[in-house]
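Notes for the one structure printed next.
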Amino acid sequence: MKTLRYIKKIIIGIFTVTILSGLVGCTRLNEINTDVFYVKVTQDGKERKEPYIKNGEKKIFIYYQYENVDAYDKNGKEIKVRFTSDKKQLRKDSYLEIRVRDTKEDTTNEIISYKEVNGDDVPNNIKIKLDR
136 MKTLRYIKKI
146 IIGIFTVTIL
156 SGLVGCTRLN
166 EINTDVFYVK
176 VTQDGKERKE
186 PYIKNGEKKI
196 FIYYQYENVD
206 AYDKNGKEIK
216 VRFTSDKKQL
226 RKDSYLEIRV
236 RDTKEDTTNE
246 IISYKEVNGD
256 DVPNNIKIKL
266 DR
């Protein structure tokens, strides 16, 4: 009986670890096959308003759009990107690490994700270009 309980606990533990690992992996799934670029926020985004209905009530979703922003990868390759920020303007003079899928030099690229990073985390050769 004790061994049966012990085996059940082991099986439940393995199942739990497997499920949790899968969930954690899914949150990063969007970043597969993306390239890392860096941008510097130098101006406010354009405020955009989108109406929507929630629980029968009309509401307005406000977001901020940033267009034709210069972005550089660690080798200095430059592309243009477009992205949005929900609910608030991004902080001016902040650096963002962005992820782009299927980069194209002749068009504005949509980004997959971004996060604000410290200026010290941006490669020096890129920081010089962004600070011009």
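All residue numbers for the sequence shown refer to the working numbering, where the first residue is 136 and numbers rise by one. Each residue gets a CB set at the ideal place from its N, CA and C atoms; glycine is no exception.
| Item | Value |
| --- | --- |
| Taking the alpha carbon of Asn-168 as the point to measure from, which residue in Arg-234, Asp-241, Tyr-249 has its own alpha carbon closest? | Arg-234 |
| Assuming Gly-180 and Ser-220 are in contact, meaning their beta carbons sit under 8 Å apart, how far apart are those beta carbons, in whole angstroms? | 6 Å |
| From what residue to what residue does the beta strand (DSSP E) around Leu-231 run? | 230–235 |
| Could you have a look at Arg-217 and say whether DSSP puts it in helix, strand or coil? | strand |
| Which residue's Cα is closest to the Cα of Asp-237: Phe-150, Val-171, Ile-154? | Val-171 |
| Nearest by alpha-carbon distance to Lys-223: which of Gly-211, Pro-258, Gln-200 is it? | Gln-200 |
| In the DSSP assignment, what residue or residues form a beta bridge with Val-174? | Leu-231 |
| In chain order, what residues of the same chain lie with their CB nearer than 8 Å to the CB of Gly-211, ignoring the 5 residues before and after it? | Asn-260, Ile-261, Lys-264 |
| The beta strand (DSSP E) with Ile-188 in it runs from where to where? | 181–189 |
| In the DSSP assignment, what are the bridge partners of Asp-205? | Lys-215 |
| Between which two residues does the beta strand (DSSP E) harbouring Lys-250 extend? | 243–252 |
| Would you check if the distance between the CB atom of Asp-228 and the CB atom of Lys-175 is smaller than 8 Å? | yes |
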